[in-house]
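To start, the structure itself, in structure tokens.
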Amino acid sequence: MLKKILVANRGEIACRVLRTCKRLGIATVAVYSDADAGAPHVAMADEAVRIGPPPVRHSYLVIHAIIEAARATGADGIHPGYGLLSENEAFAEAVLAAGITFIGPPPAVLRAFGDKILAREHARAAGAFPPPGTNDPINTTDLETAHRAASNIGFPLLVKAAGGGGGIGMQIVTEPFKLARALTACSDRGRAAFGDPRVYMERYIERPRHIEVQVLCDGQGGAVALGERECSVQRRHQKIVEESPSPASFFEGDAGESRRTGLHESALRVVTAAGYVGAGTVEFVAAEGGEFYFLEVNARLQVEHCVTEMCTGLDLVEHQIRIASGEPLAPEVLGHTHRGHSVEARLCAEDPAKNFAPQPGRITALRWPAAGDDLRIETGVAEGLEVTPFYDPLLAKIVAHGPTRDEAIARLDRALAETTLELTGPAGPAATNLAFLRQILGDGDFRGGQYDTRFAEALAAGKKAG
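Printed below as a string of structure tokens:
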């Protein structure tokens, strides 16, 4: 087992990883920017090292600063959390070259799945087929060829950045005359966010549902799918409410259970064929009839991993650490049971009435509901803390579990009702999405499990998708 772990992240995920390390008796190191000097994750760790000024490109993305912090503190493992450097092949290679254990997949796996075009090839070879699309990058200056490829795919289609995920560098194109602008915009966004201007196109699935499968692989032949998560409540292609299991009607009955089993097996084929090691998520888009198409592999811990933990009783961070330490998957992991239902809401400093625009400010009042076996509060903020424009607006994740879906939703709604988080910006009170989260939970389509990826934005705009 690793002895000292540096957490190369911030906010709620840093606190989440630190908590498991402390439970396991592992010494911990936090890193922080000047903006995070007073953040909870810094206080939680046994040691903390400043790595730079607030912008992530000068702090949390500076590989040599993080490696040096690990060396200076004697850390023998680095956990990257999610986002930032978590799927960065060069970072994983630098960690290993320094003689430190990287708590994540090998660099070759990060390379295979970090390139979305290569990931589509891997998935096809494993029998998990992506939506029809281009197999090679699109030359954004050769519009004649691009339009010919688009015509073969059909409209609407998606233009997607090849070098990353998270909805960054992705646009729906509904008509041919909009294609050129989308190609340029996605290429520019991919270059800025991932250092990779390549884009590709694929068919847009109408009324899509976003469903993902959590996997663990130990590198010694042990691999398991820990159930699926429904992630279709999104804004700007990014999730705000997740649940497990999926309530989609195509999972009902014996035929539905067979479809669910097939989905889990498909996810395992994709990762095991690539020599995957660690925790990961295989993402799919589902059409109305339950046809599944491969989207991508997130080769890291997901933001919404807590939903799976609540339903399985497993600590995924613990098993990441055990796998990285060379241990095989334990019998309780391989033989896990999925119990009840779990729902997670992401509380964010953003205004749903203004297209979910981020809302920086100072937290002037904060009260959480009482946590327990059926309710988790995952956060990295505290009263008095400044929510800056430098980082993701995620403030907390509130996760409820119940024996049934209705009871889990009711528990989460009560928890949100008992939550107080007031944010004061430069010009006065700033918004959060707290009230909107409760609106989602109370909506009839959500309650009935009949929603898709258009649902949340339509609800915020006052017009339900239909």
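The sequence shown begins at 79 in the numbering used here and counts up by one. Beta carbons are placed, not taken as given, at the ideal position from N, Cα and C, and that holds for glycine. Since we're looking at a predicted model, the values are computed, not measured.
**Prompt:** Quick one: is residue 481 near chain B, going by C-beta distance under 9 Å?
**Reply:** The structure shown has no chain B; it contains just one protein chain.
**Asked** Skipping 5 residues on each side, what residues in its chain have a beta carbon closer than 7 Å to that of residue 526?
**Response** Walking along the sequence shown from the start, residue 526 turns up at place 448. Cβ neighbours of residue 526 beyond the five flanking positions: none.
**Inter-residue Cα distance where the pair is residue 529 and residue 150** = As a first step, residue 529 is located in the sequence shown; it is residue number 451 there, counting from the start. As a first step, residue 150 is located in the sequence shown; it is residue number 72 there, counting from the start. Taking the straight line joining both Cα atoms gives about 50 Å.
**Message:** Taking a contact to mean a Cβ-Cβ separation below 9 Å, would you say residue 135 touches residue 109 in this structure?
**Reply:** Here residue 135 is taken as the residue at index 57 of the sequence shown, counted from 1. Here residue 109 is taken as the residue at index 31 of the sequence shown, counted from 1. It is not a contact, given that the beta carbons lie outside the stated cut-off.
**Prompt:** Identify the residues that DSSP records as bridge partners of residue 84: which are they?
**Reply:** Position 6 of the sequence shown, counted from the first residue, corresponds to residue 84. Paired residues: 107, 156.
**Euclidean distance between Cα positions of residue 153 and residue 80** = Position 75 of the sequence shown holds residue 153. Position 2 of the sequence shown holds residue 80. Answer to the nearest angstrom: the Cα atoms are 9 Å apart.
**Prompt:** Where do the N-terminal and C-terminal ends of the alpha helix (DSSP H) with residue 350 fall, by residue?
**Reply:** Here residue 350 refers to the residue found at position 272 when the sequence shown is read from its first residue. Start and end: 331-351.
**Request:** Could you tell me if residue 544 is buried or exposed, where buried requires 16 or more neighbouring beta carbons within 10 angstroms of its beta carbon?
**Result:** Translated into positions along the sequence shown, residue 544 becomes position 466. Legend: pLDDT at residue 544 = 45, less than 50; position of this residue unreliable, value from coordinates given subsequently. Residue 544 comes out exposed.
**Request:** Assuming residue 86 and residue 156 form a contact by the criterion Cβ under 8 Å, report the distance between their Cβ atoms to the nearest whole angstrom.
**Result:** For the purposes of this step, residue 86 is identified with residue 8 of the sequence shown, where counting begins at 1. For the purposes of this step, residue 156 is identified with residue 78 of the sequence shown, where counting begins at 1. With a Cβ gap of about 5 Å, residue 86 and residue 156 count as contacting.
**Asked** Which of helix, strand or coil does DSSP assign to residue 462?
**Response** Reading the sequence shown from its first residue, position 384 is the one you call residue 462. Of the three classes helix, strand and coil, the one that applies to residue 462 here is coil, per DSSP.
**Simplified DSSP state of residue 310, which is helix, strand or coil** = Translated into the one-based positions of the sequence shown, residue 310 becomes position 232. Three-state result, residue 310: strand.
**Request:** Check residue 518 in the structure and name its three-state DSSP category.
**Result:** The residue you call residue 518 lines up with position 440 of the sequence shown. In this structure, residue 518 counts as helix in the three-state DSSP scheme.
**Message:** Assuming residue 138 and residue 94 are in contact, meaning their beta carbons sit under 8 Å apart, how far apart are those beta carbons, in whole angstroms?
**Reply:** Working through the sequence shown from its first residue, we reach residue 138 at position 60. Working through the sequence shown from its first residue, we reach residue 94 at position 16. Not quite, the Cβ-Cβ distance comes to about 16 Å (not below 8 Å), so this is no contact.
**Message:** For residue 274, tell me which candidate among 329, 166, 314, 296 has the shortest Cα-Cα distance.
**Reply:** Taking the sequence shown and counting its residues from 1, one reaches residue 274 at position 196. Comparing Cα positions, the closest option is 166.
**Message:** Taking DSSP's pairing of strands, which residues face residue 436 in a bridge?
**Reply:** On the sequence shown, residue 436 is found 358 positions in, with the first residue counted as 1. Bridge partners of residue 436: 428.
**Message:** I'd like to check one pair, residue 498 with residue 437: are the Cβ atoms closer than 9 Å?
**Reply:** Along the sequence shown, read from residue 1 onward, the residue named residue 437 stands at position 359. Along the sequence shown, read from residue 1 onward, the residue named residue 498 stands at position 420. Cβ atoms of residue 437 and residue 498: not closer than 9 Å.
**Request:** Can you grab the Cα-Cα spacing for the pair residue 480 / residue 450, in whole Å?
**Result:** In the sequence shown, the residue the question calls residue 480 occupies position 402. In the sequence shown, the residue the question calls residue 450 occupies position 372. Distance between the alpha carbons of residue 480 and residue 450 is about 12 Å.
**Item:** Per-residue burial, residue 424 [other beta carbons within 10 Å of its own, 16 or more giving buried]
**Value:** Numbered from its first residue, the sequence shown carries residue 424 at position 346. So residue 424 ends up on the buried side.
**Prompt:** Is it true that the CB of residue 420 sits closer than 9 Å to the CB of residue 457?
**Reply:** For this step, residue 457 is matched to residue 379 along the sequence shown. For this step, residue 420 is matched to residue 342 along the sequence shown. Not a contact, by the Cβ cut-off of 9 Å.
**Inter-residue spacing [alpha-carbon to alpha-carbon] between residue 512 and residue 359** = Within the sequence shown, the letter at position 434 stands for residue 512. Within the sequence shown, the letter at position 281 stands for residue 359. Cα to Cα, the separation comes out at about 27 Å.
**Message:** Here's the rule: buried if 16 or more other CB atoms are within 10 angstroms of the residue's CB, otherwise exposed. What is residue 298?
**Reply:** Working through the sequence shown from its first residue, we reach residue 298 at position 220. Residue 298 is exposed by the Cβ-count criterion.
**Request:** Pick helix, strand or coil for residue 97, following the three-state DSSP scheme.
**Result:** Position 19 of the sequence shown, counted from the first residue, corresponds to residue 97. Residue 97 falls in the helix class under three-state DSSP.
**Prompt:** Quick one: complete alpha helix (DSSP H) runs, 4+ long, within the segment 121-198?
**Reply:** 141-151, 167-175, 185-192
**Request:** May I ask you to report which of helix, strand or coil DSSP gives residue 538?
**Result:** As a working note, residue 538 is residue 460 in the sequence shown. Helix, per DSSP.
**Item:** Separation of residue 311 from residue 532, as counted between CA atoms
**Value:** Translated into positions along the sequence shown, residue 532 becomes position 454. Translated into positions along the sequence shown, residue 311 becomes position 233. Going by the C-alpha atoms only, they are around 8 Å apart.
**Asked** Ends of the alpha helix (DSSP H) at residue 387?
**Response** Residue numbering aside, residue 387 sits at position 309 when the sequence shown is read from its first letter. Segment 383-390, the alpha helix (DSSP H) holding residue 387.
**Touch test, the segment 365-372 against the segment 390-410, Cβ-Cβ under 8 Å, three pairs minimum** = no
**Request:** Enumerate in chain order the residues of its own chain whose CB-to-CB distance from residue 463 is below 6 Å, with the five nearest sequence positions on each side excluded.
**Result:** Here residue 463 refers to the residue found at position 385 of the sequence shown. Answer for residue 463: 441, listed in chain order.
**Given 8 Å, three or more beta-carbon pairs between the segment 233-245 and the segment 253-267** = yes
**Prompt:** residue 102: which of 485, 254, 400, 426 sits nearest, CA to CA?
**Reply:** Counting from 1 along the sequence shown, the entry for residue 102 is found at position 24. The residue with the shortest Cα to Cα distance from residue 102 is 400.
**Asked** According to DSSP, which residues form a beta bridge with residue 420?
**Response** Sequence index remark: in the sequence shown, residue 420 carries index 342 (1-based). Bridge partners of residue 420: 322, 479.
**Asked** Between residue 305 and residue 537, what straight-line distance do the alpha-carbon atoms span, to the nearest angstrom?
**Response** By one-based count along the sequence shown, residue 305 stands at place 227. By one-based count along the sequence shown, residue 537 stands at place 459. Their backbone Cα atoms lie some 28 Å apart in a straight line.
**Prompt:** Are there 16 or more other CB atoms within 10 angstroms of the CB of residue 496, so buried, or fewer, so exposed?
**Reply:** Within the sequence shown, the letter at position 418 stands for residue 496. Label assigned to residue 496: exposed.
**Prompt:** So what does DSSP say about residue 355, is it helix, strand or coil?
**Reply:** Along the sequence shown, one-based indexing puts residue 355 at 277. Three-state result, residue 355: coil.
**Message:** Helix, strand or coil for residue 252? Go by DSSP, reduced to three states.
**Reply:** In the sequence shown, the residue the question calls residue 252 occupies position 174. Of the three classes helix, strand and coil, the one that applies to residue 252 here is coil, per DSSP.
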